[in-house]
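The block underneath contains the structure these notes are about, expressed in structure tokens.
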Amino acid sequence: MAPSPSPYICFNCRLTPQNALTRLQRRTFSTTRRHQQILRPATAPKPTPDVKHIRNNVELYARNCIDRNYAGHAEPEVAALTDKAAGKKIAELAIAAKQTPANGTQSREKGLESEGELESLKSEAQRLKDDSHAMTIRKSNCTDEIHQLALSLPNLSSAETPVGDVPRLVNYLNFDPQAPPAWTRQSPAELQARSHVAIGTELGLLDFTSSATTTGWGWYFLVNEGAMLEQALVQYALGVARRRGWKMVAPPSIVYSYIAEACGFQPRDQHNEQQIWSIEQNERDRDTKPPRSLTATAEIPLAAMYAGREIRAAELPIKLVGASRCYRAEAGSRGVDTKGLYRVHEFTKVELFGWADILDAATGQPTSDTLFTELLDIQTEILTALGLPCRVLEMPTGDLGASATRKRDIEALFPSRYRPAAAASSAVDPAVSELESAWGEVTSASICTDYQSRRLATRVRGSVPKESRFPHTVNGTAMAVPRVLAAILEHGWDAERGVVVVPEVLRPWMDGMEIIGRRD
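According to this note's numbering, the residues represented by the sequence shown are 144 to 663, in order.
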């Protein structure tokens with residue numbers, strides 16, 4: 144479709160001189176069409192995007208979309224559409240002003256007007272009434288489009304977030320970059336034997352053959368001590384969080400699709416491939432009942448616990464930790480880096496989720512920053528105690544999802560992913576660039592400011608009557624079981640004895656066992 148010459152741009156085209164050069168190589172996100180397709184009942188929380196802030200900061204939002212590689216957004220449209228809506232409002236008022244005398248004239252004594260004059264006045268009054276109704280509809284449609292456009296924009300990035308695609312190294316855990324691990328000197332055959340797939344299969348902990356028969360690629364069975372390790376990791380992570388005051392929740396694994404979208408999770412990724420599974424509806428319900436989806440993370444149902452509700456300011460921060468099964472389509476994800484447990488369709492994860500007030504009343508600092516730091520401390524404690532070599536990264540704008548303003552990932556070393564010839568020229572740490580291929584994400588933590596609370600209609604009620612505001616949300620991984628379990632097998636592997644050494648902190652949930660495998 145060719146660009147429109149008017150300031151109002153076709154929503155499907157969204158091409159303006161300001162964004163024509165940035166339309167290429169940008170990732171897709173939600174659109175007006177998608178918002179309209181997802182059925183929302185009258186009881187669904189009503190989203191409240193900050194249209195005024197977007198209109199007053201058009202260049203800021205335009206730059207943010209470019210930095211984050213989001214396609215399909217014509218940011219100046221919000222301002223143009225707002226101007227158009229205001230124009231329609233003025234036109235509507237003008238018509239109403241004309242209507243009043245016309246209607247008043249009809250009420251005069253009929254004897255004072257000829258029959259022809261009366262008919263002419265009636266016709267004019269009806270025309271003005273029809274024009275007013277049509278203008279009201281057009282203004283409403285314009286306002287709805289502004290609303291949907293604003294909802295489709297990603298959150299603004301934090302000043303802490305590096306611009307581009309390369310993360311910033313923060314620090315290491317259990318790892319000295321000046322002393323590379325001994326396994327980096329092993330042969331390809333030895334590295335293959337150190338893979339968690341080989342170890343887990345040899346010790347009877349993992350069964351991929353049966354899962355291929357029952358379900359297909361990307362599924363697995365945890366068996367014997369493998370299943371025990373899963374439960375131990377869950378209990379350990381929950382214990383660390385609970386000691387720090389996080390309240391435990393067992394959330395559902397199915398949510399309404401509009402709830403997942405409100406949290407920033409879209410059914411399709413930047414390549415338009417399915418990422419979240421929707422539950423099929425029968426024909427009778429498709430047009431009357433909202434669709435449901437399997438949750439990709441417990442973040443979604445935990446965020447929705449306060450959807451459409453008010454939280455008293457004195458109750459904040461609210462800190463929840465929940466263990467659940469998670470489901471991801473992971474479409475298009477294949478190859479050596481995704482073999483085994485690293486990228487699977489169903490897995491157990493312990494998630495941390497919290498609500499914080501906008502500012503601390505005493506210090507004037509964002510309380511979400513404090514909560515974010517606490518969450519990172521929990522992640523650090525867990526991975527440090529497990530003895531896994533890790534690095535902490537401040538993630539760049541190109542890696543942020545729609546909801547996050549800031550994100551930190553922690554990556555662990557996986558010997559099975561090590562490819563000496565694949566040293567990355569754009570490595571985060573040039574000193575250990577040869578290890579770049581071996582790092583793999585095991586936790587993530589994000590600040591989402593008011594992105595989710597605005598879309599879920601969650602408000603904070605202050606001390607002043609009728610005063611309310613949108614709280615900030617923070618989320619992060621306490622334990623992604625399959626990846627951490629894989630890292631434990633690979634780093635705990637003792638090839639000489641043919642056993643895996645169990646991290647000490649997990650032994651209370653492993654019947655006290657110190658090793659898995661052959662006994663001396």
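Where a beta carbon is used, it is the ideal one built from N, C-alpha and C, also for glycine.
Can you name the start and end residues of the beta strand (DSSP E) that Ala588 belongs to? The residue given as residue 588 occupies position 445 in the sequence shown. Here the beta strand (DSSP E) through Ala588 covers 582-590.
In chain order, what residues of the same chain lie with their CB nearer than 7 Å to the CB of Pro460, ignoring the 5 residues before and after it? For the purposes of this step, residue 460 is taken as the residue at position 317 of the sequence shown. Result list for Pro460: Gly497, Trp498, Ala499, Thr510, Leu514, in chain order.
Please tell me whether Leu543 and Glu494 are closer than 8 Å, where the distance is taken between their beta carbons. Against the sequence shown, residue 543 aligns to sequence position 400. Against the sequence shown, residue 494 aligns to sequence position 351. Their beta carbons are not under 8 Å apart, which means Leu543 does not touch Glu494 by this criterion.
Residue ranges of each alpha helix (DSSP H) run of no fewer than 4 residues wholly in the stretch 374-439, ordered along the chain? 400-405
By how many angstroms is the C-alpha of Ala638 removed from the C-alpha of Arg549? The residue you call residue 549 lines up with position 406 of the sequence shown. The residue you call residue 638 lines up with position 495 of the sequence shown. If you take the alpha carbons of Arg549 and Ala638, they lie about 41 Å apart.
If you check the beta carbons only, do Arg560 and Val535 fall under 8 Å apart? Indexing the sequence shown from 1 puts residue 560 at position 417. Indexing the sequence shown from 1 puts residue 535 at position 392. No, these two residues do not count as a Cβ contact at 8 Å.
Below 8 Å CB to CB, which residues in the same chain sit around Ser436 once its five sequence neighbours on both sides are set aside? Here residue 436 is taken as the residue at index 293 of the sequence shown, counted from 1. Excluding positions up to five away in sequence, the list reads Ile397, Val398, Tyr399, Ser400, Ala403, Pro410, Ile419, Trp420, Ser421, Ile422.
Per DSSP, which residues does Asn314 bridge with? Please list them. Indexing the sequence shown from 1 puts residue 314 at position 171. Looking at the DSSP assignment, Asn314 forms a beta bridge with Val535.
What are the boundary residues of the beta strand (DSSP E) that Arg183 is part of? Position 40 of the sequence shown, counted from the start, is the residue given in the question as residue 183. No beta strand (DSSP E) holds Arg183; DSSP gives it neither H nor E.
Other residues of its chain near Asn317: CB distance less than 8 Å, five sequence neighbours each side excluded: For this step, residue 317 is matched to residue 174 along the sequence shown. Answer for Asn317: Leu526, Thr527, Gly530, Leu531, Pro532, Cys533, listed in chain order.
Residues of its chain near Leu484, where Cβ-Cβ distance is below 7 Å and the 5 sequence neighbours each way are ignored: As a position in the sequence shown, residue 484 is number 341, starting the count at 1. The residues are His339, Tyr363, Pro625, Arg626, Leu628, Ala629.
Tyr213, enclosing beta strand (DSSP E) - first and last residue: Position 70 of the sequence shown holds residue 213. Run containing Tyr213: none; DSSP gives neither H nor E here.
CA nearest to the CA of Lys137, picked from Ser300, Thr352, Val464, Ala621: No answer is possible for residue 137: the residues shown for the chain start at 144 and end at 663.
So, do the stretch 337-354 and the stretch 571-591 have three or more beta carbon pairs nearer to each other than 8 Å? no
Between which two residues does the beta strand (DSSP E) carrying Asn298 extend? Translated into the one-based positions of the sequence shown, residue 298 becomes position 155. First-last for Asn298: undefined, no H or E at that position.
May I have the straight-line CA-CA distance separating Gln424 from Pro434, to the nearest angstrom? By 1-based counting over the sequence shown, the position of residue 424 is 281. By 1-based counting over the sequence shown, the position of residue 434 is 291. Computed Cα separation, rounded: 7 Å.
For Tyr470, name the three-state secondary structure that DSSP assigns. Walking along the sequence shown from the start, residue 470 turns up at place 327. If DSSP states are grouped into helix, strand and coil, Tyr470 belongs with the strands.
DSSP has Ala623 in a bridge; who is on the other side? Taking the sequence shown and counting its residues from 1, one reaches residue 623 at position 480. For Ala623, which the question treats as bridged, DSSP gives the partners Lys492.
Identity of the residue in Arg602, Glu633, Thr186 nearest Ala457 by Cα: Your numbering for residue 457 matches position 314 in the sequence shown. Of the listed residues, the one whose Cα sits closest to Ala457 is Arg602.
Does the beta-carbon of Arg597 have 16 or more other beta-carbons within 10 angstroms, so that it is buried, or is it exposed? Reading the sequence shown from its first residue, position 454 is the one you call residue 597. Arg597 should be labelled buried.
Quick one: residues in its chain with C-beta nearer than 8 Å to the C-beta of Pro310, no 5 flanking neighbours on either side, listed in chain order? Within the sequence shown, residue 310 is the residue found at index 167, counting from 1. Counting only Cβ-Cβ distances below 8 Å, and skipping sequence neighbours, we find Leu536, Glu537, Met538, Pro539, Asp542, Asp552, Val571.
Note down, in chain order, each residue of its chain lying with its Cβ closer than 6 Å to the Cβ of Ile107, except the 5 sequence neighbours on either side. Outside the displayed range of the chain (144 to 663) lies residue 107, so it cannot be described from this structure.
In or out: Pro646 buried (at least 16 other Cβ within 10 Å) or exposed? For the purposes of this step, residue 646 is identified with residue 503 of the sequence shown, where counting begins at 1. With 16 or more other Cβ atoms within 10 Å, it is buried.
Does Gln168 pass the burial test, meaning 16 or more other C-beta atoms within 10 Å, or should it be called exposed? Position 25 of the sequence shown holds residue 168. Residue placement at Gln168 cannot be trusted, given a pLDDT of 34 that sits under 50; what the coordinates show is reported in the next sentence. Counting Cβ neighbours within 10 Å, Gln168 comes out exposed, since fewer than 16 surround it.
8 Å Cβ cutoff met for Ala450 and Pro188: Taking the sequence shown and counting its residues from 1, one reaches residue 450 at position 307. Taking the sequence shown and counting its residues from 1, one reaches residue 188 at position 45. Contact: yes.
When Gly359, Thr356, Arg385, Thr344 are compared against Val366, the one with the closest alpha-carbon: Walking along the sequence shown from the start, residue 366 turns up at place 223. It is Thr344.
Go ahead and label Met656 buried or exposed: buried means 16 or more other beta carbons lie within 10 angstroms of its beta carbon, across all protein chains shown. Counting from one through the sequence shown, the residue named residue 656 turns up at place 513. Classification of Met656: exposed, given that the 10 Å Cβ count is below 16.
Confirm, please, whether the CB-CB distance from Val642 to Ile631 is below 8 Å. Taking the sequence shown and counting its residues from 1, the one referred to as residue 631 is at position 488. Taking the sequence shown and counting its residues from 1, the one referred to as residue 642 is at position 499. No, the Cβ-Cβ distance between Ile631 and Val642 is not below 8 Å.
Determine the contact status of Pro297 and Ala545, defining contact as a CB-CB distance below 8 Å. Residue 297 sits at position 154 when you count from the first residue of the sequence shown. Residue 545 sits at position 402 when you count from the first residue of the sequence shown. Yes.
Would you call Asn508 buried or exposed, if buried means 16 or more other Cβ atoms sit within 10 Å of its Cβ? For the purposes of this step, residue 508 is taken as the residue at position 365 of the sequence shown. Residue identity check: residue 508 is Gln in the sequence provided, not Asn. Flag for Gln508 reads exposed.
Ala205 versus Ser295 - alpha carbon distance: Counting from 1 along the sequence shown, the entry for residue 205 is found at position 62. Counting from 1 along the sequence shown, the entry for residue 295 is found at position 152. Each residue's alpha carbon lies about 13 Å from the other.
Using a Cβ-Cβ cut-off of 7 Å (strictly less than) and excluding sequence neighbours within five positions of Gly583, which residues of its own chain qualify? Taking the first residue of the sequence shown as position 1, residue 583 is located at position 440. Answer for Gly583: Tyr485, Glu554, Ala555, Phe557, Arg560, Arg626, listed in chain order.
By DSSP, does Arg650 sit in helix, in strand, or in coil? Against the sequence shown, residue 650 aligns to sequence position 507. If DSSP states are grouped into helix, strand and coil, Arg650 belongs with the helices.
Helix, strand or coil: how does DSSP classify Thr357 here? Taking the sequence shown and counting its residues from 1, the one referred to as residue 357 is at position 214. Of the three classes helix, strand and coil, the one that applies to Thr357 here is helix, per DSSP.
What separation, rounded to the nearest whole angstrom, lies between the Cα atoms of Pro331 and Asn207? Indexing the sequence shown from 1 puts residue 331 at position 188. Indexing the sequence shown from 1 puts residue 207 at position 64. So the alpha carbons of these two residues sit roughly 43 Å apart.
Chain-order list of residues whose beta-carbon lies under 6 Å from that of Leu372 (same chain, five-residue window excluded): If you number the sequence shown from 1, residue 372 lands on position 229. The residues are Leu628.
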